[in-house]
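Just so you know, the numbering used here puts 278 at position 270 of the sequence shown, and the rest follows in order with no gaps. Ideal Cβ placement from N, Cα and C applies to all residues, glycine included. Just so we're clear, the structure is a prediction, and the values are computed from it rather than from any experiment.
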Amino acid sequence: MKHVLVTGGAGYIGSHACKLLARQGYIPVTFDSLVTGWASAVKFGPFVQGDLLHRDALDAVFAKYEPVAVMHFAALSQVGEATREPGRYWRNNVLGSLNLVEAMVAAGCKHMVFSSTCATYGDQDGVVLDEQSAQMPLNAYGASKRAVEEILRDFGASHGIEAVVFRYFNVAGADVEAEVGEWHQPETHLIPVMIEAAAGKRDALTIYGTDYPTPDGTCVRDYVHVMDLVDAHIKGLEWLLGGKGSRVFNLGTGTGFSVKEVIAECKAATGHDVPHSFGPRRAGDAAALVSGSRRAAEELGWAPERSTLQHMIADAWRWYQTGGYSG
């Protein structure tokens, strides 16, 4: 069986990717610092606790497992924090990724599936964004991810590294069997914060900004179910192992929902009110981000089959009721 190194495999998306990799006959090897991940999320293959900033730890894991490819999820990803502490994001996301790519070169591992983000596009007047849209990030998170894309292009030209780059839109939901799910401490992502409010675990959700140029004044986002997302990663891995070379794909549904619309759907899906209050805009937030994912559909055969708000919120609610991770 083939090993795939999964950085950030103890985190939200990485743990779901590990589950699907195992089901597809691969052995996922999780490499995670546990700064934001959970050891109890590692259920589907070996676990190596380590930091991307420590090159010797990376060299050791490549030597031991000889992975055929890397799925690179490990990153800091909070917009507000990135605005306040940009140095952390450049150091962790960019220098850590550079270490990883250089370790791949040294080990002769040529294939990476990279977790990028729609935040590389910035705020572009609510247009549907495709892979050719200009990248104008508003914060250090988006800028750091764009920088890693550039590293991959340069190492592709110089050392033959091939990368499938996925620019995600907003990821939500959980494993339908509730083995793994989203569990951040503290939680900052919209849908799990709504669920905490609906469950009475927090006083209220704060809506940041009600004066955006959107139909109801709140931010609009394109949401994709985490299981649809990791299905795309398997397809991206097979694309690379099939010799098709480097490619960039957006992953979203092409439909945006406002914060107020998501609150209404959360109430419908859970049967509970979602207490909320209003605050000022948050620095670094775009008014609207909606994906054009035609390329992924046509070239990868990818379809976001579970990416309705109803499914995403219902699956997240089911996962929340399990009690999440303890460590």
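(message) Can you give me the C-alpha to C-alpha distance between G17 and A324, rounded to a whole angstrom?
(response) In a straight line, the C-alpha of G17 is about 19 Å away from that of A324.
(request) Indicate whether K322 and P221 have their beta-carbon atoms separated by less than 8 Å. (result) The identity of residue 322 in the sequence shown is Ala, whereas the question assumes Lys. It is not a contact, given that the beta carbons lie outside the stated cut-off.
(request) Run the CB neighbour count on K209, radius 10 Å, all protein chains shown included, and call it buried at 16 or more, exposed below. (result) Residue burial is scored here from C-beta neighbours: K209 has fewer than 16 other C-beta atoms within 10 angstroms and is therefore classed as exposed.
(request) Indicate the three-state DSSP secondary structure (helix, strand or coil) for E158 in the structure shown. (result) Correct three-state label for E158: helix.
(request) Evaluate R229 with the Cβ neighbour count: other Cβ atoms within 10 Å of its Cβ, from every protein chain shown; 16 or more gives buried, anything less gives exposed. (result) It is buried - the Cβ of R229 has at least 16 other Cβ atoms within 10 Å.
(request) Give the C-beta separation of D211 and P283 to the nearest angstrom, bearing in mind that I take them to be a contact with Cβ-Cβ under 8 Å. (result) With a Cβ gap of about 7 Å, D211 and P283 count as contacting.
(request) Tell me whether S166 is buried or exposed, calling it buried when 16 or more other Cβ atoms sit within 10 Å of its Cβ. (result) When all chains shown are included, S166 counts as exposed.
(message) Quick check on this structure: which residue in W191, Q318, M202 and R314 has the alpha carbon closest to the alpha carbon of A49?
(response) Considering only W191, Q318, M202 and R314, the residue with the shortest C-alpha distance to A49 is W191.
(request) Using the DSSP secondary-structure output, state which residues sit across from G255 in a beta bridge. (result) First, the amino acid is wrong: residue 255 is Arg here, not Gly. Answer is V172.
(request) Could you tell me which residues DSSP pairs with I8 in its beta bridges? (result) Since the first residue shown for the chain is 9 and the last is 335, residue 8 is missing from the structure and cannot be characterised.
(request) Starting from the N-terminal side, write out each stretch of the beta strand (DSSP E) that is 3 residues or longer and does not extend beyond the segment 55-80. (result) Those beta strand (DSSP E) runs which fall completely within the segment 55-80 and span 3+ residues are 55-57 and 77-80.
(request) State buried or exposed for F265, treating a residue as buried only when at least 16 other CB atoms are found within 10 Å of its CB. (result) F265 should be labelled buried.
(request) Kindly indicate which three-state DSSP category D120 falls into: helix, strand or coil? (result) Sequence check: residue 120 is Met here, not Asp. M120 falls in the strand class under three-state DSSP.
(message) Taking the alpha-carbon of Q313 as reference, which of E246, C274, G181 and I271 has the nearest alpha-carbon?
(response) As written in the sequence, residue 313 is Glu, which differs from the Gln given in the question. The option with the nearest alpha carbon to E313 is G181.
(message) Three or more C-beta pairs under 8 Å: does that hold for the segment 105-115 against the segment 69-76?
(response) Taking 8 Å as the limit for Cβ pairs, the verdict is that the segment 69-76 does touch the segment 105-115.
(message) I'd like the span of the beta strand (DSSP E) that includes S266, first residue to last.
(response) For S266, the enclosing beta strand (DSSP E) covers residues G264 to S266.
(message) For S285, report the span of its beta strand (DSSP E) as first-last.
(response) Element bounds for S285: H284 to G287.
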